[in-house]
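Please read the structure below before turning to the comments.
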Amino acid sequence: MTAENDDRTPPDSERTAPLPFKYRFKYLHKYGDVSPAEGDQAQHAHASHKHEDDDDEQKEGDEQKEGDEQKKDSNKKSPEDERREKRKRNIVLIIIAAVFILAGLAWLLYYIFVMSQRETTDDAYVKGDMVTISSRVQGTVVEVAVEETERVHAGQVLVRLDPVDAKDSLMNAEGQLAQAVRQAQQARHQAAEADAAIPQRRAQYEMQRDDYERRRPLLASRAAAKEEVDSGKRQMEAAYAALQQAQKQAAAAHSQVDGTDIHDFPAVIQARSQFQNAWVNSGRNAIVSPIEGYAARRQVQVGQRVQPGQDLLTVVPLSDLWVDANFKETQLEHIRIGQPVKIKTDMYSDVTYHGKVVGLNAGTGSAFSLLPAENASGNWIKVIQRVPVRVSLDPQDLKKWPLRIGLSTDVTVDTHNRDGRVLAETPRQKPLASTAVYEQELGEADARAEAIIKANMVDDPTPPVKRGR
0 MTAENDDRTP PDSERTAPLP FKYRFKYLHK YGDVSPAEGD QAQHAHASHK HEDDDDEQKE
60 GDEQKEGDEQ KKDSNKKSPE DERREKRKRN IVLIIIAAVF ILAGLAWLLY YIFVMSQRET
120 TDDAYVKGDM VTISSRVQGT VVEVAVEETE RVHAGQVLVR LDPVDAKDSL MNAEGQLAQA
180 VRQAQQARHQ AAEADAAIPQ RRAQYEMQRD DYERRRPLLA SRAAAKEEVD SGKRQMEAAY
240 AALQQAQKQA AAAHSQVDGT DIHDFPAVIQ ARSQFQNAWV NSGRNAIVSP IEGYAARRQV
300 QVGQRVQPGQ DLLTVVPLSD LWVDANFKET QLEHIRIGQP VKIKTDMYSD VTYHGKVVGL
360 NAGTGSAFSL LPAENASGNW IKVIQRVPVR VSLDPQDLKK WPLRIGLSTD VTVDTHNRDG
420 RVLAETPRQK PLASTAVYEQ ELGEADARAE AIIKANMVDD PTPPVKRGR
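For what it's worth, numbering that gives the first Met the number 0 labels the leading residue of the sequence shown as 0, then goes sequentially.
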């Protein structure tokens, strides 16, 4: 060792004490290496120290083991406690099992008495009438009075057409009616004139007959010339022929007027019909709504040339809607007419509509489709079909919560009462829908035609007499 290391050697009092092994490297680092004797002494001290540590650890382990055994002894339960705990566990398990059994029984009862008595579907949609407004005459649009979403009243003018052509036709029909009235009166006067000619021809015939009867006896006594008698006979025959001609002319004249008056005269009836048609057509330039509702799907524009039957817009009466619920064919067994129905819509999620079944369609949806399925073809896959079921809605519910055509709904039919009918047995007694808007047009036309007839009638002081012979 170096002198420097010798200087770092600790005193004898310090070296005699054994050095713990865990401090050896720290000691060597501080004071340097030790002699072999000192190393042996240090190892001996370390071994002694380690033996003491092992004894301490063993002692601690024994103490801990003894404590664990005492703890186990203290935690060890008596047989009575074990039986009590086992009984509690059994009770808990029984309660849990009873809860599940009761829940299953409740669900079974709910299914038997509630769920099995209902049929539900979400393949259901709101439907309603969509009245298409079209023109009945051709013309050019000069006014559009409504827009989509606006309220429309029955009889309200929706579209106006150019009235020039209709007015010309109306004036022409009015003149023809007036002329027909006058011709009817002329025919009546001609019949009266023919009747008046019959007495005149009869008088001439009787005069010629009497003259001939006076001259014929004189021929035997040669008091009258044969030529005069023959001439009288010919004149009598000519007068008789003239009388027959007058009677035939009167009959021909009366065939035109007998059994009729001016209003019933055929020519007047025809002219009156043409006038009414022209009058109505002139009024049809104003296209009106036949029902109450809301305007939708407007397709007409100002200046557009429209033809009879062309679609202009649609009026939807939202106060009269229904639901078509498409039930599977496996759900139709217990559905009957008159069964109560509850309807839920996505539009009003917290509102329940009430209604009833009013009828089942006569076929499935695929049967009435544009391209029905050809099930007789080689490639065939069975698909459960659906049948539309018509469900009416409560008008009060519709008034509170208006719906729109095409909305999706969830329908639940209560099938508890299964005594109803599946198909309707009697036809409808009242019309499904009607309107009185167009009757007003015909009434006005009649009144105007009657005024024209009266204005063209001439007082006849000598009405036609009954013809005679």
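We put the CB at the ideal spot given by N, CA and C, even for glycine.
Residue i versus residue j - alpha carbon distance
| i | j | result |
| --- | --- | --- |
| R335 | I93 | 46 Å |
| S34 | Q63 | In this predicted model, S34 has a pLDDT of only 48, less than 50, meaning its place in the structure is not dependable enough to derive any value. |
| H253 | M170 | 32 Å |
| R283 | L320 | 29 Å |
| Q426 | D418 | Position check: residue 426 holds Pro in this sequence, whereas Gln was assumed. The straight-line gap from Cα to Cα measures roughly 20 Å. |
| F20 | R88 | Its pLDDT being 49, under 50, F20 is placed unreliably by the model, and the measurement read from it follows with that caveat. In a straight line, the C-alpha of F20 is about 58 Å away from that of R88. |
| E205 | Q178 | 41 Å |
| D80 | V91 | 17 Å |
| G231 | A195 | 26 Å |
| L471 | V98 | Because residue 471 is not part of the residues shown, which for the chain are 0 to 468, the question remains open. |
| H415 | N374 | 35 Å |
| Q184 | H262 | 11 Å |
| Q129 | V163 | Before going further, note that residue 129 is Met rather than Gln in the sequence given. Computed Cα separation, rounded: 32 Å. |
| D161 | L369 | 39 Å |
| I383 | A372 | 13 Å |
| P339 | N280 | 48 Å |
| A144 | G292 | 15 Å |
| N455 | R181 | 7 Å |
| E226 | A250 | 36 Å |
| A450 | V151 | 34 Å |
| Q155 | K429 | 25 Å |
| S115 | E332 | 12 Å |
Proximity of residue i and residue j at Cβ, strictly below 8 Å
| i | j | result |
| --- | --- | --- |
| A294 | V388 | no |
| V322 | L392 | yes |
| I132 | I286 | yes |
| V390 | V436 | no |
| V305 | L311 | yes |
| Q273 | Q175 | yes |
| V412 | L359 | no |
| V140 | Q300 | yes |
| D445 | Q275 | yes |
| V136 | A165 | yes |
| R403 | V125 | yes |
| R159 | E142 | yes |
Near the ligand ADP: residue i beta-carbon under 7 Å from a heavy atom
| i | result |
| --- | --- |
| Q306 | This structure lacks the ligand ADP; in fact it carries no ligand of any kind. |
Residues that DSSP places opposite residue i in a beta bridge
| i | result |
| --- | --- |
| L160 | V140 |
| L392 | G354 |
| G127 | L320 |
| I132 | L312 |
| T117 | A small correction: the amino acid at residue 117 is Arg; Thr does not occupy that position in the sequence shown. For R117, which the question treats as bridged, DSSP gives the partners D413. |
| P387 | N325 |
### Query
Which whole runs of the beta strand (DSSP E) in the region 280-360 are 3 residues long or more, in chain order?
You should have 285-287, 292-295, 310-315, 320-327, 339-344 and 351-359.
### Message
With a threshold of 8 Å, are at least 3 pairs of Cβ atoms found where one atom belongs to the region 399-418 and the other to the region 114-122?
### Response
yes
#### Entry: Cβ pair count under 8 Å reaching 3, the region 235-244 against the region 181-195
no
#### Entry: the region 195-212 in contact with the region 241-248 per 3-pair CB rule at 8 Å
yes
### Task
Jot down the residue ranges of each uninterrupted alpha helix (DSSP H) in the region 211-286, minimum 4 residues, whole runs only, in chain order.
Whole alpha helix (DSSP H) segments, 4+ residues: 225-256 and 265-282.
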